[in-house]
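These notes concern the structure reproduced below.
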Amino acid sequence: IEAQTPTDDGEYAELPDDADDGPDLLRVRLDPPAARAFVQRAEALLVAGRPACPFCGEPLDPRGHFCALGNGQLN
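If you count by this note's numbering, then the sequence shown holds residues 20 to 94, one letter each, in order.
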């Protein structure tokens with residue numbers, strides 16, 4: 020994991036991905052509020068120990084999960 024700050028014009032310096040034999044490079048750029056929200060969500064999922072609902076992202080309950088974003092379906 021690397022953290023980069025933007026340049027004065029708001030852009031980020033491009034890092035070379037010249038490794039032929041390694042995994043591909045994935046770049047994800049998040050502003051601080053989005054990064055904090057990601058961490059909070061990840062921590063909640065880890066603590067719950069259950070997979071996330073594909074619609075709303077809440078932890079799935081083994082007995083079913085009422086999902087408002089899934090049209091009120093019980094997953």
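We treat Cβ as the ideally placed atom computed from N, Cα and C, and that holds for glycine.
Go ahead and pull the three-state DSSP assignment for residue i.
{"i": "Phe57", "result": "helix"}
{"i": "Pro78", "result": "strand"}
{"i": "Ala71", "result": "strand"}
Have a look at residue i and residue j and give me their C-alpha separation to the nearest angstrom.
{"i": "Arg48", "j": "Arg60", "result": "17 Å"}
{"i": "Asp39", "j": "Tyr31", "result": "23 Å"}
{"i": "Pro51", "j": "His84", "result": "31 Å"}
{"i": "Ala54", "j": "Glu33", "result": "20 Å"}
{"i": "Glu62", "j": "Ala56", "result": "10 Å"}
{"i": "Asp95", "j": "Cys86", "result": "In this structure the chain extends from 20 to 94, so residue 95 is not present and cannot be described."}
Could you say which of the options lies nearest to residue i if we only look at CA atoms?
{"i": "Leu88", "options": "Arg82, Asp80, Pro81 and Gly76", "result": "Gly76"}
{"i": "Ala67", "options": "Asp80, Glu33 and Pro25", "result": "Asp80"}
{"i": "Arg82", "options": "Glu62, Arg69 and Gly29", "result": "Arg69"}
So residue i and residue j are in contact, right, with Cβ under 8 Å, and what is the actual spacing, rounded?
{"i": "Pro78", "j": "Leu64", "result": "6 Å"}
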